[in-house]
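Visitor: Numbered by UniProt numbering, the letters in the sequence shown go through residues 1 to 578 in order. Every residue, glycine too, gets a C-beta built ideally from N, C-alpha and C. Supplied in structure tokens, the structure appears directly below.
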Amino acid sequence: MHSFLELDQLCHNCACQRENVICQLAWLLFRKGLTSRPFPSGGEPVTGGIKTLSVPGDSSPVGSEDKGNIKEVPNLQGYEMTIWQLPSMLLVFISSVSPHPHHLFEYDELSQYVDSHQEEYVQTLRDWVAVESDSSDVLRRPDCHRMMDMTAEKLQAMGGKVELVDIGVQELPDGKTVALPKVVTAQFGNDPSKQTVCVYGHVDVQPAKLEDGWTTEPYNLTDINGNLYGRGASDNKAPVLAWIHTVEVYQALSIDLPVNVKFIIEGMEETGSNGLDAMIVAQRDTFFSDVDYIIISDCGWLSRRPALTYGTRGNCYFFAEVEGPKQDLHSGVYGGTVIEPMTDLIGILDTLISPSGKILIPGIREAVASLSDEEWKMYQDIEFDIESFKSKIGVSQLMYSNKVDLLAHRWRYPTVTIHGIEGGFSGPGSKTVIPAKVIAKFSIRQVPNMDPAVVKKQVTDYLNSVFAKRKSPNKLKVTMIIGAKPWLADTKHPLYEAGKAAVKRVFNVEPDLIREGGTIPIAKTFEDVTGKSIIMMPIGGFDDGLHSQNEKMSRYNYIEGTKLFIAYLHEVAHLKKD
1 MHSFLELDQL CHNCACQREN VICQLAWLLF RKGLTSRPFP SGGEPVTGGI KTLSVPGDSS
61 PVGSEDKGNI KEVPNLQGYE MTIWQLPSML LVFISSVSPH PHHLFEYDEL SQYVDSHQEE
121 YVQTLRDWVA VESDSSDVLR RPDCHRMMDM TAEKLQAMGG KVELVDIGVQ ELPDGKTVAL
181 PKVVTAQFGN DPSKQTVCVY GHVDVQPAKL EDGWTTEPYN LTDINGNLYG RGASDNKAPV
241 LAWIHTVEVY QALSIDLPVN VKFIIEGMEE TGSNGLDAMI VAQRDTFFSD VDYIIISDCG
301 WLSRRPALTY GTRGNCYFFA EVEGPKQDLH SGVYGGTVIE PMTDLIGILD TLISPSGKIL
361 IPGIREAVAS LSDEEWKMYQ DIEFDIESFK SKIGVSQLMY SNKVDLLAHR WRYPTVTIHG
421 IEGGFSGPGS KTVIPAKVIA KFSIRQVPNM DPAVVKKQVT DYLNSVFAKR KSPNKLKVTM
481 IIGAKPWLAD TKHPLYEAGK AAVKRVFNVE PDLIREGGTI PIAKTFEDVT GKSIIMMPIG
541 GFDDGLHSQN EKMSRYNYIE GTKLFIAYLH EVAHLKKD
């Protein structure tokens with residue numbers, strides 16, 4: 001009995017290259033475990049393929065010189081099949097093994113291939129993590145360009161139709177411009193009878209330095225107890241590679257992709273996806289014209305249970321600037337004689353949110369969609385341990401004490417967060433200064449049915465009203481610099497049913513259906529511009545430390561996540577094409 005990989009090599013050496021129809025059926029029977037080998041005795045390559053298939057019966061095998069042996073095929077005794085009898089045999093066989101005759105799914109073989117190549121996959125991730133593609137640091141822009149080139153080269157080597165799309169330049173604060181990293185698009189397959197999915201990902205990363213508190217060198221992928229530590233490992237290089245490996249595995253085993261696969265991979269996600277929105281609009285009627293569904297894997301699980309994500313919060317990010325004297329002043333000389341900008345700023349910030357977390361800006365809470373009984377039940381059924389959550393983030397008390405309230409306020413209610421204050425003195429040591437100008441930075445997470453344009457007016461009007469009551473001679477300026485909308489999908493959409501089936505196949509559990517408290521603006525852009533249905537399918541762990549020190553991707557999630565994507569493409573292939 002030959003191993004699968006040995007027979008795969010023998011078949012590739014055959015002159016017919018598996019184009020002979022009898023060879024095709026013999027190979028199919030072998031893969032389903034119904035034949036011991038799809039080659040003549042001895043396993044030697046043949047010059048013209050297999051001419052007949054003979055079944056052991058009451059006599060020795062019969063047929064032409066080139067013949068294969070079938071074993072233990074029920075109800076077939078002493079049967080010799082010729083090319084003329086192939087169609088009916090093939091139809092009966094396929095119908096008996098699959099409810100979808102056009103998509104025989106060899107999951108076990110695909111899965112085994114992934115397992116046997118995991119060291120290769122880890123090494124590729126190591127090579128990618130080694131590129132310091134920090135999109136926030138202009139000095140690292142050459143690394144971002146190199147990362148996009150590496151991504152394109154990888155996809156080109158696989159035979160994809162690849163383009164590096166120029167999306168323009170970024171204007172810096174000093175007025176200079178620098179080229180934005182090109183966006184990589186790729187396509188594998190263009191069969192109009194198949195579904196077409198588009199996978200989005202990014203290969204830029206957050207800043208990271210060893211002195212920030214990392215245990216390992218952030219750009220040297222380090223395997224410790226099955227965890228792969230490195231900046232960008234989970235966000236988002238491993239998920240992008242898992243999707244690429246998915247296509248590679250189908251190719252390596254000469255199994256047709258069950259769907260057409262497109263990629264759109266960017267290098268500026270961590271700083272706002274500069275230029276990407278315009279590129280999506282420009283290619284709506286070209287690259288995206290035949291896309292049926294969009295898949296995003298730029299998020300993580302909530303617990304150790306696999307999850308499918310169906311919603312994200314949006315974000316309105318504000319600057320509130322208070323300006324007073326023409327320059328900074330000495331607090332000893334001028335303190336007590338001037339109305340200080342910092343005091344005004346702290347005063348108005350204190351009116352944004354109560355100690356219990358209630359947003360005090362009129363109209364914000366009133367716009368929020370109410371929590372339905374069905375949604376409450378979904379939250380109740382989700383696997384989530386409050387004590388573990390507290391331990392993970394290092395706090396003794398949370399805003400809410402029960403699971404449903406906690407998840408609801410994390411995912412589907414707005415919140416105000418004050419991020420910091422620019423101006424004055426914040427360095428080590430002491431400095432007795434009255435700052436002339438201070439700028440507060442705060443954000444309000446958006447949820448259905450909030451509108452960023454309305455929120456901008458509500459916040460601006462409210463802060464101006466509060467500031468006016470202080471009767472201060474200082475000047476207030478409120479600016480909204482980000483207005484990202486929330487995104488919400490229908491969990492009853494067939495995309496999510498396909499996702500559940502894939503998770504069940506790979507992990508043998510039902511996935512949690514979760515939302516993200518953070519913002520992934522590109523999801524709403526895809527939805528608004530292309531009109532396509534979207535699913536978020538994470539493979540990152542709940543403890544991966546995205547944007548933090550010691551970011552990691554577990555080897556288990558990376559490898560099993562690749563299998564999940566393989567299974568998902570199979571499930572999507574069975575969805576009804578619009």
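Is the segment 490-501 close to the segment 237-251, with three or more CB pairs under 8 angstroms?
Guide: No, because fewer than three Cβ pairs between the segment 490-501 and the segment 237-251 fall closer than 8 angstroms, the two stretches do not touch.
Visitor: Taking Cβ positions, are Phe-318 and Ser-443 nearer each other than 8 angstroms?
Guide: Taking the first residue of the sequence shown as 1, we reach residue 318 at position 318. Taking the first residue of the sequence shown as 1, we reach residue 443 at position 443. In this structure, Ser-443 lies closer than 8 angstroms to Phe-318 by Cβ.
Visitor: So, with DSSP's three-state summary, where would you put Leu-575?
Guide: For the purposes of this step, residue 575 is identified with residue 575 of the sequence shown, where counting begins at 1. Here Leu-575 sits in coil by DSSP.
Visitor: Based on Cα-Cα distance, which residue from Leu-302, Ala-233, Gln-170 and Gln-446 lies nearest to Arg-141?
Guide: Position 141 of the sequence shown holds residue 141. Out of Leu-302, Ala-233, Gln-170 and Gln-446, Gln-170 has the C-alpha closest to the C-alpha of Arg-141.
Visitor: Hey, would you say Phe-542 sits closer than 8 angstroms to Ser-354, going by beta carbons?
Guide: As a first step, residue 542 must be located in the sequence shown, where it is residue number 542. As a first step, residue 354 must be located in the sequence shown, where it is residue number 354. No, Cβ-Cβ distance for Phe-542 and Ser-354 is not below 8 angstroms.
Visitor: Starting from Ala-252, follow the beta strand (DSSP E) in both directions and report where the run begins and ends.
Guide: Counted from its first residue, the sequence shown places residue 252 at position 252. First-last for Ala-252: 238-252, but that is the alpha helix (DSSP H), not the beta strand (DSSP E).
Visitor: So does the segment 260-280 actually touch the segment 200-216, counting three or more Cβ pairs closer than 8 angstroms?
Guide: The answer is yes - the segment 200-216 touches the segment 260-280, with three or more Cβ pairs under 8 angstroms.
Visitor: Return the chain-ordered list of same chain residues with a C-beta closer than 7 angstroms to the C-beta of residue 581, the five sequence neighbours on each side being excluded.
Guide: Past the boundaries of the shown model lies residue 581; the chain is included only from 1 to 578, so the question cannot be answered.
Visitor: Note down, in chain order, each residue of its chain lying with its Cβ closer than 8 angstroms to the Cβ of residue 613, except the 5 sequence neighbours on either side.
Guide: Because the chain is modelled from 1 through 578, residue 613 falls outside the range shown and cannot be assessed.
Visitor: What do you get for Asn-274, buried or exposed, if any count of 16 or more other CB atoms within 10 angstroms of its CB means buried?
Guide: Counted from its first residue, the sequence shown places residue 274 at position 274. The residue in question, Asn-274, is buried, as its Cβ has 16 or more Cβ neighbours within 10 Å.
Visitor: Who does Gly-420 pair with in a DSSP beta bridge?
Guide: Indexing the sequence shown from 1 puts residue 420 at position 420. Answer is Lys-441, bridged to Gly-420.
Visitor: Just grab the DSSP bridge partners of Met-480 for me.
Guide: Within the sequence shown, numbered from 1, the residue matching residue 480 stands at position 480. DSSP output for Met-480 lists Phe-318 as bridge partner(s).
Visitor: Do you know offhand how far Ile-255's Cα is from Leu-155's?
Guide: The sequence position of residue 255 within the sequence shown is 255, counting from 1. The sequence position of residue 155 within the sequence shown is 155, counting from 1. Their backbone Cα atoms lie some 18 angstroms apart in a straight line.
Visitor: Roughly how far, in whole angstroms, is the beta-carbon of Pro-538 from the beta-carbon of Thr-312, given that I think they are within contact range, below 8 angstroms?
Guide: Your numbering for residue 538 matches position 538 in the sequence shown. Your numbering for residue 312 matches position 312 in the sequence shown. Not quite, the Cβ-Cβ distance comes to about 12 angstroms (not below 8 angstroms), so this is no contact.
Visitor: Mark Leu-564 as exposed unless 16 or more other C-beta atoms lie within 10 angstroms of its C-beta, in which case mark it buried.
Guide: Locating residue 564 in the sequence shown gives position 564, counting from the first residue. That one is buried.
Visitor: Per DSSP, Met-536 forms a beta bridge with which residues?
Guide: Here the question's residue 536 lines up with position 536 in the sequence shown. Bridge partners of Met-536: Ile-296 and Thr-309.
Visitor: Roughly how far, in whole angstroms, is the beta-carbon of Asp-298 from the beta-carbon of Ile-520, given that I think they are within contact range, below 8 angstroms?
Guide: For the purposes of this step, residue 298 is taken as residue 298 along the sequence shown, with counting starting at 1. For the purposes of this step, residue 520 is taken as residue 520 along the sequence shown, with counting starting at 1. That pair is a contact at about 6 angstroms.
Visitor: Give me the Cα-Cα distance between Leu-352 and Val-529, rounded to the nearest whole angstrom.
Guide: Start at 1 with the first residue of the sequence shown, and residue 352 comes out as number 352. Start at 1 with the first residue of the sequence shown, and residue 529 comes out as number 529. Going from the Cα of Leu-352 to the Cα of Val-529 covers about 34 angstroms.
Visitor: Does the Cβ-Cβ distance between Pro-452 and Gly-483 come in under 8 angstroms?
Guide: Translated into positions along the sequence shown, residue 452 becomes position 452. Translated into positions along the sequence shown, residue 483 becomes position 483. Yes; because the gap between Cβ atoms is below 8 angstroms, this pair is in contact.
Visitor: Taking the straight line between their C-alpha atoms, what separation do you get for Gly-540 and Leu-241?
Guide: Counting from one through the sequence shown, the residue named residue 540 turns up at place 540. Counting from one through the sequence shown, the residue named residue 241 turns up at place 241. Straight-line Cα distance between these residues: approximately 13 angstroms.
Visitor: Checking the sheet assignment: what are the DSSP bridge partners for Gln-170?
Guide: Taking the first residue of the sequence shown as 1, we reach residue 170 at position 170. Answer by DSSP bridge pairing, in chain order: Val-178.
Visitor: Apart from the five residues on each side of it in sequence, which residues of its chain come closer than 7 angstroms, Cβ to Cβ, to Asn-550?
Guide: The residue labelled residue 550 in the question sits at position 550 within the sequence shown. Excluding positions up to five away in sequence, the list reads Trp-214, Thr-215 and Tyr-229.
Visitor: Among Leu-180, Tyr-556 and Gln-458, which residue has its Cα nearest to the Cα of Glu-269?
Guide: In the sequence shown, the residue the question calls residue 269 occupies position 269. Comparing Cα positions, the closest option is Leu-180.
Visitor: Roughly how many whole angstroms lie between the Cα atoms of Met-536 and Ile-296?
Guide: Here residue 536 refers to the residue found at position 536 when the sequence shown is read from its first residue. Here residue 296 refers to the residue found at position 296 when the sequence shown is read from its first residue. Cα to Cα, Met-536 sits roughly 5 angstroms from Ile-296.
Visitor: Less than 8 angstroms between the C-beta atoms of Leu-371 and Ala-408, yes or no?
Guide: Walking along the sequence shown from the start, residue 371 turns up at place 371. Walking along the sequence shown from the start, residue 408 turns up at place 408. Taking 8 angstroms as the Cβ cut-off, Leu-371 and Ala-408 qualify as a contacting pair.
Visitor: Beta carbon of Met-279, beta carbon of Val-183: below 8 angstroms?
Guide: Within the sequence shown, numbered from 1, the residue matching residue 279 stands at position 279. Within the sequence shown, numbered from 1, the residue matching residue 183 stands at position 183. Yes, the Cβ-Cβ distance between Met-279 and Val-183 is below 8 angstroms.
Visitor: Let's test the definition: count the other Cβ atoms within 10 Å of the Cβ of Thr-177 and tell me whether it reaches 16, buried, or not, exposed.
Guide: Position 177 of the sequence shown, counted from the start, is the residue given in the question as residue 177. Per the 10 Å Cβ criterion, exposed.
Visitor: With DSSP collapsed to three states, give me the class of Glu-375.
Guide: The sequence position of residue 375 within the sequence shown is 375, counting from 1. Helix.
Visitor: Short check: CB of Lys-485 to CB of Gly-272, under 8 angstroms?
Guide: Position 485 of the sequence shown, counted from the start, is the residue given in the question as residue 485. Position 272 of the sequence shown, counted from the start, is the residue given in the question as residue 272. Taking 8 angstroms as the Cβ cut-off, Lys-485 and Gly-272 do not qualify as a contacting pair.
Visitor: Which one of Lys-194, Ser-289, Lys-456 and Arg-126 has the shortest CA to CA distance from Ser-234?
Guide: The residue you call residue 234 lines up with position 234 of the sequence shown. Among Lys-194, Ser-289, Lys-456 and Arg-126, the Cα nearest to that of Ser-234 belongs to Arg-126.
Visitor: By Cβ distance below 7 angstroms, which residues in the same chain neighbour His-145 in space, the five residues on each side in sequence not counted?
Guide: Position 145 of the sequence shown, counted from the start, is the residue given in the question as residue 145. Correct list, in chain order: Pro-181.
Visitor: Restricting to Cα atoms, I'd like to know which of Lys-577, Tyr-556 and Val-404 is closest to Val-506.
Guide: Stepping through the sequence shown from its first residue, residue 506 is reached at position 506. The candidate whose alpha carbon is nearest that of Val-506 is Tyr-556.
Visitor: Which class does Ser-64 belong to by DSSP, given the choice of helix, strand or coil?
Guide: On the sequence shown, position 64 is the one that residue 64 refers to. For Ser-64, the predicted model reports a pLDDT of 36, less than 50, meaning its position is unreliable; a value from the coordinates is still stated below. Coil.
Visitor: Quick one: is Asn-236 buried, meaning 16 or more other Cβ sit within 10 Å of its Cβ, or exposed?
Guide: As a working note, residue 236 is residue 236 in the sequence shown. Asn-236 should be labelled buried.
Visitor: Kindly identify the DSSP beta-bridge partner or partners of Glu-516.
Guide: Numbered from 1 along the sequence shown, position 516 holds the residue referred to as residue 516. Thr-312, per the DSSP bridge assignment.
Visitor: Which of helix, strand or coil does DSSP assign to Gly-78?
Guide: Counting from one through the sequence shown, the residue named residue 78 turns up at place 78. Below a pLDDT of 50, predicted positions are generally treated as unreliable, and Gly-78, at 38, falls in that range; the measurement from the model is reported next regardless. Three-state DSSP puts Gly-78 in coil, outside helix and strand.
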